[in-house]
Amino acid sequence: MVLLYLKISQSCRMLRSRIIPVLLVRNKGLVKTTKFGDDKYVGDPINAVRIFNEKEADELTVFDIDASVNESEPDYKMIENLASECRMPLCYGGGVKTLQQALNILSLGVEKVALSSALISNPSLVNDIAAQVGNQSVVAVLDVKKRLLGGYKVFTHNGKKASNVDLVDFCKDLEVRGVGEIVINSIDRDGTMQGYDKALIKKVKEAVNVPVTLCGGASDHADLGQTIAEFGPIGVAAGSLFVFKGKYRAVLISYPNSNDKEKIFSEGQK
Numbered sequence: 101m102v103l104l105y106l107k108i109s110q111s112c113r114m115l116r117s118r119i120i121p122v123l124l125v126r127n128k129g130l131v132k133t134t135k136f137g138d139d140k141y142v143g144d145p146i147n148a149v150r151i152f153n154e155k156e157a158d159e160l161t162v163f164d165i166d167a168s169v170n171e172s173e174p175d176y177k178m179i180e181n182l183a184s185e186c187r188m189p190l191c192y193g194g195g196v197k198t199l200q201q202a203l204n205i206l207s208l209g210v211e212k213v214a215l216s217s218a219l220i221s222n223p224s225l226v227n228d229i230a231a232q233v234g235n236q237s238v239v240a241v242l243d244v245k246k247r248l249l250g251g252y253k254v255f256t257h258n259g260k261k262a263s264n265v266d267l268v269d270f271c272k273d274l275e276v277r278g279v280g281e282i283v284i285n286s287i288d289r290d291g292t293m294q295g296y297d298k299a300l301i302k303k304v305k306e307a308v309n310v311p312v313t314l315c316g317g318a319s320d321h322a323d324l325g326q327t328i329a330e331f332g333p334i335g336v337a338a339g340s341l342f343v344f345k346g347k348y349r350a351v352l353i354s355y356p357n358s359n360d361k362e363k364i365f366s367e368g369q370k
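Numbering (the numbering used here), first residue to last: 101 to 370.
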């Protein structure tokens with residue numbers, strides 16, 4: 101166990117921070133939500149992938165936000181189309197409940213499979229997938245909301261179903277089970293572009309040694325850089341920041357160019 105801990109710690113120290121666009125798919129269309137509701141159609145997922153290819157994004161995450169709610173099978177044809185277009189590491193989540201589903205998705209050219217509701221209903225699925233394909237291909241996505249009296253609560257099914265797990269203890273358990281990355285998604289900050297929840301990421305980063313990615317609330321490039329500076333190496337993920345432009349939230353897909361990325365990462369090295 102000590103050796104395992106040292107290996108994980110060493111791998112985390114060698115990681116670099118990543119800037120990750122997050123695309124939400126509903127009824128095969130690309131949408132963006134605010135606090136997990138009030139979704140706005142923003143275009144075709146394939147077109148978005150092509151643009152992020154051109155902009156040389158570090159990696160890309162795609163969530164089918166209806167699959168688990170509707171208890172439907174992952175849309176393998178859609179996933180295959182996305183993976184065939186994507187020229188960067190791709191993480192897919194949505195409706196994954198079994199080992200076979202995960203293997204099917206990975207066979208289509210996806211690098212990482214994200215689990216969410218299945219983490220609560222069947223946490224041993226993490227062990228099964230990690231044993232078959234390795235820890236690096238298993239991502240845990242935890243959608244969390246602040247409690248009225250302090251702390252955080254984990255939700256599933258688009259923030260509609262509350263769980264009874266303790267956030268920190270659950271993250272530690274997932275690490276032991278073999279997840280290669282934990283994505284913490286703030287429901288309260290989703291789509292608001294009011295800045296990341298730094299208290300949330302601090303709580304999780306201090307609890308585990310696996311890579312952590314924060315999503316929900318990214319306001320601008322400075323917010324990305326400041327978060328990396330405080331918590332890096334870390335994944336900083338965003339949706340609205342990369343699909344909207346200006347106060348009227350006109351749809352315009354963007355991503356930091358090489359000079360902007362250098363500034364963001366240099367902020368994280370100060």
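Glycine included, every Cβ here is placed at the ideal spot set by N, Cα and C.
The model shown is predicted, which means the values in this text are computed figures rather than measured ones.
Buried or exposed: where does residue i fall if 16 or more other Cβ atoms within 10 Å of its Cβ makes it buried?
i    : result
Q294 : exposed
L249 : exposed
Q326 : buried
D320 : exposed
A350 : exposed
S117 : buried
D269 : exposed
A231 : exposed
E173 : exposed
V308 : buried
A337 : buried
N357 : exposed
Y348 : exposed
Going along the chain, which residues of its own chain have a beta-carbon closer than 8 Å to the beta-carbon of residue i, five neighbours each way excluded?
i    : result
N153 : E185, C186, R187 and M188
N127 : D166
L267 : L242, V244, G251, Y252, K253, V254, K303 and V304
V265 : I220 and V254
R247 : K253
P223 : D273, L274 and R277
From the DSSP output, in three-state form, read off residue i for me.
i    : result
A307 : coil
E185 : helix
Y176 : helix
D243 : strand
I334 : coil
N204 : helix
F342 : helix
I353 : coil
A231 : helix
N285 : strand
R126 : strand
D144 : coil
K302 : helix
D269 : helix
T292 : coil
T256 : strand
K361 : helix
Below 7 Å CB to CB, which residues in the same chain sit around residue i once its five sequence neighbours on both sides are set aside?
i    : result
Y355 : P121, F152, K155, A157 and F342
I179 : Y192, I205, L208 and V210
S340 : K132, G291 and M293
A418 : A question about residue 418 goes unanswered here, because the residues of the chain that appear run from 101 up to 370.
A271 : Correcting the residue identity first, residue 271 is Cys in this sequence and not Ala. Within the same chain, C271 has close Cβ partners I282, V304, A307 and V308.
Contact check, residue i vs residue j under 8 Å by CB: the rounded distance?
i    : j    : result
L314 : I353 : Actually they do not touch by this definition, with Cβ atoms about 21 Å apart.
V210 : L190 : 5 Å
D288 : K245 : 6 Å
K261 : V239 : K261 to V239, Cβ: 20 Å. No contact.
N145 : L160 : It should be pointed out that residue 145 corresponds to Pro in this sequence rather than to Asn. So it is not a contact: roughly 10 Å between Cβ atoms.
Quick one: residues in its chain with C-beta nearer than 6 Å to the C-beta of residue i, no 5 flanking neighbours on either side, listed in chain order?
i    : result
K345 : L352
N235 : G278 and G280
T134 : G291
**Message:** Would the segment 324 to 333 count as touching the segment 135 to 149 if we require 3 or more Cβ pairs under 8 Å?
**Reply:** The answer is no - the segment 135 to 149 does not touch the segment 324 to 333, with fewer than three Cβ pairs under 8 Å.
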